[in-house]
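Engineer:
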Amino acid sequence: MTAPSEHAAVGRICVLLVEDHAGDAFLIQQILAGAVIPFEFIHVGRLDEALARLSTCEVDVVLVNLTLPDSTGIDTFRTLFAHPSHAPIIVLSGDEDEATALATVELGAQDYLVKGRVDQALLVRSIRYAIKRAEADRRLEEERNLLRSVIDNLPDAIYVKDTAGRYLLGNVAHMHQLGARSPQEVVGKTLFDFFPRETASRVQADDEQVMQTGQAIINRHDCLGEAPGPVRWFSMTKVPLRDPEGKISGLVGIGREITARKDAEQKLARYTEELREKNSELEDDMNLAREVQQAFLPQQFPVFPRKAAPEESAIRFFSKYLPTTALGGDFFHVLPISDSSAGVFICDVMGHGVRAALVTAIQRALVEELTALANDPGEFLTQMNRALLSILRRTRSPMFATAFYLVVDTAEGTLRYANAGHPRPLHLRRTRNRVEMLTGSTARPGPALGVFDHSEYHTQQTGLEAHDLVFLFTDGLYEVESDAGAFYDQALLLGAVERRLQLPTEQVIEGTLDEVRQFAAQGTFVDDVCLVGIEIARIGELTRIRASEELSR
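Here it is as structure tokens:
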């Protein structure tokens, strides 16, 4: 509807009088001539003339006689009512046409008046009310159009049902959801017109429960459709619709299609299950790899001489291996060289996990291959470096390992060793009551294994006495940080060992580990830790054995 004309806004009302009887037209104008409100009349006697005036003039209200030369009856009203001006219409009728006039009110006429029963007050009031009602209808229509525009542009399906399950209203999204061609096509139909009976019956039961109990359904996931056809998922909200007295008169529903989300959730669930299975397989593989790696470490130490009882061995070994992950990068091995000498190899591969564990496996194999060089620590590390480089250069990512190899010779009372970038072991000289680092004549150790092609490692030597303890370890032992941000360096480690110098070897190892843990944040190591203790029970064992054998002959 159009807005009221400027005439009505200033108090003057423009009336289009459509009346072919001149006397009746004159009477109407005379009745309104003395009214307080000024009226302006446009008088026409035909319907086509009335339509032309509505197109060119600002008209506030139309008074129309339904019987005209070019149109009669209710069709006259329908033609005027359909005009784009949407001016409010009051029908003038005779006694015999009163039923027809009343029918026009049902079709949209603002009022009807019977000729001969009209006075000034009634006519003025009818005109003013017609204009006001038309304005109210216009505003209501604008609000209705606004609301319709809003709900039709929402992505969620919105619908209203009566208590019988018939659709009273639905938006465009709901129309698409049902597969209809227009929202109006849905009105008056039920679920059974759009869905298989089983699906429709199930959804209808939910609707009836909401209307019977008054309990809303909020964001419940439901599927519409039946196999083998497509199944669509929706998030449904249903609330009871109440009349002004509070009685439930229907239901309001909101539905959002979540088929894509459900498909994604199902795929995610499948992927999660597959990932769980893969993780389980990987965990089994890691457990097996850990067991294999543990098997690489010495499970039983050799005795010296070979036929001696363990408690009579001239060289005794103690070890502790603490990986921070399932697979560690630390490794050690003991080589029995002779009845009086043993080789001890310890290494720390860069990083953790599978790659580091694979490199330790490679080094384990290389230790066995280089047994012929076991008596010469410098040459032993030199050849290991070359062999390791030939393997690692085929990989895409760089890898290296620090290592320390020493030979304990109780017959000669010597300790020969070579260093490949590894932390220097501690030599606990208990008879002299002091702890020394195995530094050798060079201040710096050789480079780590797997870094340079032509690295050569030199053998260093120092004396060895009975009751000495050689303490080898990887850098995970002391590279820890306290809660205050301080680091546990080699100087602190040296002090911890010195305080336990005269204790049994097991207590030296366990006590040192406990002290480092107490220093560390959260009491844990952040890197793999490998400890090897070599305790010298006797020196000159081979000389004594040989002398004993000669006397027995």
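Heads up: the sequence shown at position 416 corresponds to 424 in our numbering, and the numbers run straight through without jumps.
Each residue gets a CB set at the ideal place from its N, CA and C atoms; glycine is no exception.
None of the values given here were measured: they were computed from a predicted structure.
Taking C-alpha atoms, which residue in A316, M358 and F312 lies nearest to V342?
Structural biologist: F312
Engineer: Would you list the one or two residues that DSSP bridges to R264?
Structural biologist: Per DSSP, the beta bridge partners of R264 are S243.
Engineer: Beta-carbon within less than 8 Å of A17's beta-carbon, same chain only, minus the 5 sequence neighbours each way: which residues are those?
Structural biologist: Summary for A17: the model assigns pLDDT 45, below 50, so the residue's position carries little reliability, and this model does not support an answer.
Engineer: Could you round the C-beta distance between L389 and A428 to whole angstroms and report it? I think they count as a contact, below 8 Å.
Structural biologist: 5 Å
Engineer: Please identify the residue among P385, S398, T439 and A499 whose C-alpha is closest to the C-alpha of G454.
Structural biologist: P385
Engineer: Mapping DSSP to helix, strand and coil, what is M358?
Structural biologist: coil
Engineer: Give the secondary structure of I547 by DSSP, where H, G and I count as helix, E and B as strand, and everything else as coil.
Structural biologist: coil
Engineer: Rounded to the nearest angstrom, what separates A499 and V524 at their Cα positions?
Structural biologist: 12 Å
Engineer: Return helix, strand or coil for A444, following the three-state DSSP convention.
Structural biologist: The sequence given here has Glu at residue 444, not Ala. In this structure, E444 counts as strand in the three-state DSSP scheme.
Engineer: Does S101 pass the burial test, meaning 16 or more other C-beta atoms within 10 Å, or should it be called exposed?
Structural biologist: Answer is buried; the Cβ neighbour count reaches 16.
Engineer: Spatial neighbours of F495 within its chain, please: C-beta separation below 7 Å, excluding the five flanking residues on both sides.
Structural biologist: E489
Engineer: Can you tell me which of R372, S134 and S190 puts its alpha carbon nearest to the alpha carbon of V99?
Structural biologist: S134
Engineer: Do you know whose CA, among A369, P163, A382 and L414, lies nearest L396's CA?
Structural biologist: A369
Engineer: Pairs of beta-carbons, one from the stretch 19 to 30 and one from the stretch 52 to 68, closer than 8 Å: are there three or more?
Structural biologist: yes
Engineer: Closest by CA to L35, which one among Q128, M244, T221 and Q469?
Structural biologist: Per the Cα distances, Q128.
Engineer: Taking the beta carbon of Q118 as the centre, do at least 16 other beta carbons fall within 10 Å, making it buried, or is it exposed?
Structural biologist: Looking at its Cβ environment, which holds 16 or more other Cβ atoms inside 10 Å, Q118 is buried.
Engineer: From this set, L485, A138 and A382, which residue's C-alpha is nearest I345's C-alpha?
Structural biologist: A382
Engineer: Helix, strand or coil for E489? Go by DSSP, reduced to three states.
Structural biologist: strand
Engineer: Taking only the alpha-carbon atoms, compute the straight-line gap between P331 and R363 and give it to the nearest angstrom.
Structural biologist: 14 Å
Engineer: Taking the alpha helix (DSSP H) that V194 belongs to, which residues open and close that run?
Structural biologist: P191 to V194
Engineer: Comparing C-alpha positions only, which one of S348, V534, P306 and H229 sits nearest to K315?
Structural biologist: S348
Engineer: Using only the alpha-carbon positions, how far apart do S13 and P96 sit?
Structural biologist: Caution is warranted here: a pLDDT of 49 is assigned to S13, below 50, making its placement in the model unreliable, and the coordinate value is therefore given only provisionally. Their backbone Cα atoms lie some 12 Å apart in a straight line.
Engineer: Suppose contacts are defined by Cβ-Cβ distances below 8 Å. Is V537 in contact with L434 by that definition?
Structural biologist: no
Engineer: If you check the beta carbons only, do D170 and L176 fall under 8 Å apart?
Structural biologist: yes
Engineer: Do three or more CB pairs link the stretch 137 to 151 to the stretch 108 to 122 at distances below 8 Å?
Structural biologist: yes
Engineer: Runs of 3 residues minimum, wholly inside the stretch 305 to 341: which ones carry the beta strand (DSSP E) assignment?
Structural biologist: 323 to 330
Engineer: To the nearest whole angstrom, what separates the beta carbons of A365 and G336, a pair I think is in contact under 8 Å?
Structural biologist: 7 Å
Engineer: Secondary structure at L48, three-state DSSP: helix, strand or coil?
Structural biologist: Correcting the residue identity first, residue 48 is Glu in this sequence and not Leu. DSSP places E48 in strand when its eight states are reduced to three.
Engineer: Would you verify that the beta carbon of A33 is, or is not, closer than 8 Å to some beta carbon of chain B?
Structural biologist: Absence of chain B from the displayed structure is noted, only one protein chain being present.
Engineer: Please return the same chain residues whose Cβ sits closer than 7 Å to the Cβ of T513, not counting the five positions on each side in sequence.
Structural biologist: F326, L477, G541 and E543
Engineer: I need the straight-line Cα distance from P252 to I50, nearest angstrom please.
Structural biologist: 44 Å
Engineer: How big is the Cα-Cα spacing for T108 and T207?
Structural biologist: 48 Å
Engineer: Taking all protein chains shown into account, do 16 or more other C-beta atoms lie within 10 angstroms of the C-beta of A90, making it buried, or fewer, making it exposed?
Structural biologist: exposed
Engineer: Determine the extent of the alpha helix (DSSP H) in which G184 is found, giving its start and end residues.
Structural biologist: The displayed chain sequence assigns His, not Gly, to residue 184. Here the alpha helix (DSSP H) through H184 covers V180 to L186.
Engineer: Cα-Cα, which of P238, F309 and A188 is closest to A165?
Structural biologist: Put simply, of P238, F309 and A188 the residue whose alpha carbon is nearest the alpha carbon of A165 is A188.
Engineer: Going by C-alpha to C-alpha distance, which of D32, C22 and V69 sits closest to G53?
Structural biologist: D32
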